[in-house]
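Read in order, the letters of the sequence shown correspond to residues 6 to 78 in the numbering used here. Where a beta carbon is used, it is the ideal one built from N, C-alpha and C, also for glycine. Because the structure is a prediction, the values reported are computed rather than measured. See below for the structure under consideration.
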Amino acid sequence: MDSLSQSIPHYLIQYLPFLIPLLILEVGLMAAALIHIFTHKTYKRGNRVIWVILSFVQIIGPVLYFTIGKGDE
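See below:
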């Protein structure tokens, strides 16, 4: 733990309990969106390229895809 505290700034260590779940949520949403994009061919708006690019835009991209881009099955 000593080497970890030396490599990470002290002000960042106090936010790790908040940042780690947020990072897991972001990566999980992005992975779910990309899997859905590549396994389905219909979208309400846009095309596959647009949704793949938007999926990499922090947490808002996957949320936008699942709310306005995901087509009917």
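Return the first residue and the last residue of the alpha helix (DSSP H) that residue i is part of.
i, result
"Val32", "Leu21 to Thr44"
"Ile58", "Arg53 to Ser60"
"Ile64", "Taken as a continuous stretch (DSSP letters only), Ile64 belongs to no alpha helix (DSSP H), as it is neither H nor E."
"Tyr16", "His15 to Ile18"
Rounded C-beta distance between residue i and residue j? I'm assuming under 8 Å.
i, j, result
"Gly76", "Thr47", "4 Å"
"Ile42", "Val32", "That pair is no contact at about 16 Å."
"Ile13", "Leu34", "Not confirmed; about 25 Å, so no contact."
"Gly66", "Ser60", "5 Å"
- Message: Count Cβ pairs between the stretch 64–78 and the stretch 31–39 that sit closer than 8 Å; are there 3 or more?
- Response: They touch, by the three-pair rule.
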